[in-house]
Amino acid sequence: MGNYQKGFRRCGQILSNICGNLRVFICVVAVGLGVIIGLILKTFDDLLEVEKLYITFPVHMLMGMVKVVTTPIVASGVIIAICTFRSPPSKKIGFQAAVYFVSTTLISVTIGLILGVFFEPGITEGVSEIEPEDEKVFLSFETIKTLTRNLFPENLIQSCVKYYVRVKREVPVIDAVSGLPTNMTYMKEEGHYVQGVNILSIITFAILCGLAFNEMKESSSLLVQMVCINNELAVVLLNIIGSFLPLGLLIMAVVFVDDHYDSHLVLNLVKFIAMVATGLFVHGVIVLPLLYLVCAKSNPFTVIYGAFPALWTAFRSSSSNAAKPVTLHCCKNENKIDHRITNFMLPIATELNLNGTALYQALAAVFIAQLNNIDLDFNLLFTIGATAAVSSFIAKGIPTSGALMSFLILYAVGLPMTNAWILVAVEWKLDHFTTLVNVLGDCIGVALVNKLYQDELRTEDADQDSPRTEDDEATDVSV
1 MGNYQKGFRR CGQILSNICG NLRVFICVVA VGLGVIIGLI LKTFDDLLEV EKLYITFPVH
61 MLMGMVKVVT TPIVASGVII AICTFRSPPS KKIGFQAAVY FVSTTLISVT IGLILGVFFE
121 PGITEGVSEI EPEDEKVFLS FETIKTLTRN LFPENLIQSC VKYYVRVKRE VPVIDAVSGL
181 PTNMTYMKEE GHYVQGVNIL SIITFAILCG LAFNEMKESS SLLVQMVCIN NELAVVLLNI
241 IGSFLPLGLL IMAVVFVDDH YDSHLVLNLV KFIAMVATGL FVHGVIVLPL LYLVCAKSNP
301 FTVIYGAFPA LWTAFRSSSS NAAKPVTLHC CKNENKIDHR ITNFMLPIAT ELNLNGTALY
361 QALAAVFIAQ LNNIDLDFNL LFTIGATAAV SSFIAKGIPT SGALMSFLIL YAVGLPMTNA
421 WILVAVEWKL DHFTTLVNVL GDCIGVALVN KLYQDELRTE DADQDSPRTE DDEATDVSV
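Numbering (the UniProt record's numbering), first residue to last: 1 to 479.
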């Protein structure tokens, strides 16, 4: 009888988890069905191009809807993220918190990019079609010029639909005497605009607007409120789009498997999972504790031990918000962190400081680029890193945020969105580990800022508790 009760209890827990993550479960099932249907079709006969055109019509609609909301949700998300630092307990604490969030996010993104570029999880030896270009320089003055032109565009409206690139093309040598082209040619580098969103200019403009709103203080309240409404509208639209996501994923999987599925894809996925796990381990076990050890000059593992219940809750639920009450309790009661720092930093960190998610998104974009034999130059890697870094600002309130975020980031950096279904197949499981690193980064960040400014907070408490002198009272009377 006891075994039956345990079995029923276990089934109840599984059903509860499925109901709590119903959209994610449906997306994973859709991907599985798509792979099965694609293998069945491939066994009998390949789909004709006309048939693929009809079948993928809903996918093109889905991708079009994602493109519509990308620019407004990125811009408003970045502005709101910066405006959350308007009222810290002190300017120093607010500045230190912002520095910690930005630096750890950039470090995690860099780890993801390095692992993706050097270990190449999306490339199989002897199968890749990428041809090495001996003359191509990874980083040059022209590369920096192109990057700068995209960061600070001539026309902000144009940057929503076009971005600047420089390409080399072969042109004939003109004869100096006759003025006619000769048989000799040379390579000439030219710049022009191509179709696609310039996400770097959107991020730059949003950061400047957020900083300006903070300087304007109360006079910018109406503008900030309008941005918040715009963000809520974009999130609602993205929620509606998410309802069509399972159908789109199923069709993408069917067409991809029928078109060019082979055993190498499974190997690539295994390598990708291994790289994500390695990156999360390096960031969570080495980088974050080392940062705390160097800056706070204290043992970081005491903080990790005190935050263990929060970390376990985050791992089980794969949700930073679900673990937030436990994280608050651990920071205040177990690690004895000042309530002012905890109450200020932790809500912001839960929404913005998603180190594990940023690392995963950066590595996922590199993985998709390699699967599609796209050369990863400096500008593309910089764009991937910047977009992955701000991805945590726009994930709030989005169901199946991981899958939709993958679509948004792939479109923003100019990579094919049709391969995003591959990420959904593994993301639902990796999300437990990325959330664990997210919460770990929050706990260490709060503890670090508390350690750096605990003397200042004690002095402030002493000043508030000290009795007023007769000189102070006389000054009040004279005033």
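Heads up, the beta-carbon is just placed ideally off N, CA and C, and yes, glycines get one too.
Three or more Cβ pairs closer than 8 angstroms define a contact, and the region 240 to 250 falls short of that threshold against the region 103 to 123. Bridge partners of residue 191 according to DSSP: 166. Here DSSP, grouped into helix, strand and coil, assigns residue 416 to coil. Spanning the alpha carbons of residue 269 and residue 282 requires a straight line of approximately 20 angstroms. In this structure, DSSP gives residue 174 an extended state, which the three-state scheme calls strand. In this structure residue 195 is exposed. Its beta-carbon is surrounded by fewer than 16 other beta-carbon atoms within 10 angstroms.
In the three-state DSSP reduction, residue 185 falls in the strand class (E or B). Rounded to whole angstroms, residue 318 and residue 164 show a C-alpha spacing of 39 angstroms. With respect to residue 452, residue 296 sits close: the two C-beta atoms are nearer than 9 angstroms. A contact is defined here as three or more CB-CB pairs under 8 angstroms, and the region 376 to 387 fails this definition with respect to the region 206 to 220.
Every alpha helix (DSSP H) of 4 residues or more that sits fully in the region 269 to 303 is shown, in chain order, as 288 to 296. For residue 352, the number of other beta carbons within 10 angstroms of its own is at least 16, and it is reported as buried.
Taking the Cα of residue 108 as reference, the smallest distance to any Cα among 313, 50, 96 and 291 is reached at 291. With distances taken between CA atoms, residue 193 lies nearest to 146 out of 210, 275, 326 and 146.
Annotated three-state conformation of residue 120 is coil, per DSSP. About 6 angstroms separates the beta carbons of residue 255 and residue 56, which is inside the 8 angstroms limit, making them a contact pair. Between residue 391 and residue 361, the C-beta spacing is below 9 angstroms. Going by DSSP, residue 357 is part of the alpha helix (DSSP H) stretching over 355 to 371. Within the same chain, 306 come within 6 angstroms of residue 334 by CB-CB distance, once the 5 residues on both sides are set aside.
Contact between the region 311 to 326 and the region 425 to 445 is present: three or more C-beta pairs spanning the two stretches fall below 8 angstroms. A distance below 9 angstroms separates the beta carbons of residue 441 and residue 284.
Within the region 67 to 120, the complete alpha helix (DSSP H) segments at least 4 residues long are 91 to 119, listed from N- to C-terminus. Nearest to residue 38 by alpha-carbon distance, out of 251, 329 and 427, is 251. In this structure, the beta-carbon distance from residue 169 to residue 190 falls below 9 angstroms. According to the DSSP assignment, residue 251 belongs to the alpha helix (DSSP H) that extends over 245 to 260. Distance from residue 74 to residue 203 at the Cβ level is roughly 7 angstroms; contact confirmed, criterion being Cβ atoms closer than 8 angstroms. Distance check between residue 124 and each of 167, 378 and 267 places 267 closest, using alpha-carbon atoms only.
Between the beta-carbon of residue 413 and that of residue 234 there is about 19 angstroms, and that puts the pair past the 8 angstroms contact cut. In the structure shown, the three-state DSSP call for residue 337 is coil. Residue state for residue 230 is assigned as helix, using DSSP reduced to three classes. Here the C-alpha atom of residue 381 lies approximately 46 angstroms from the C-alpha atom of residue 459. Annotation: the continuous alpha helix (DSSP H) that includes residue 50 extends over 49 to 55. Excluding sequence positions up to five before and after residue 62, its CB lies within less than 6 angstroms of the CB of 244 and 248, all in the same chain and listed in chain order.
Between residue 274 and residue 430, the CB-CB gap reaches or exceeds 9 angstroms. Bounds of the alpha helix (DSSP H) holding residue 380 are 378 to 390.
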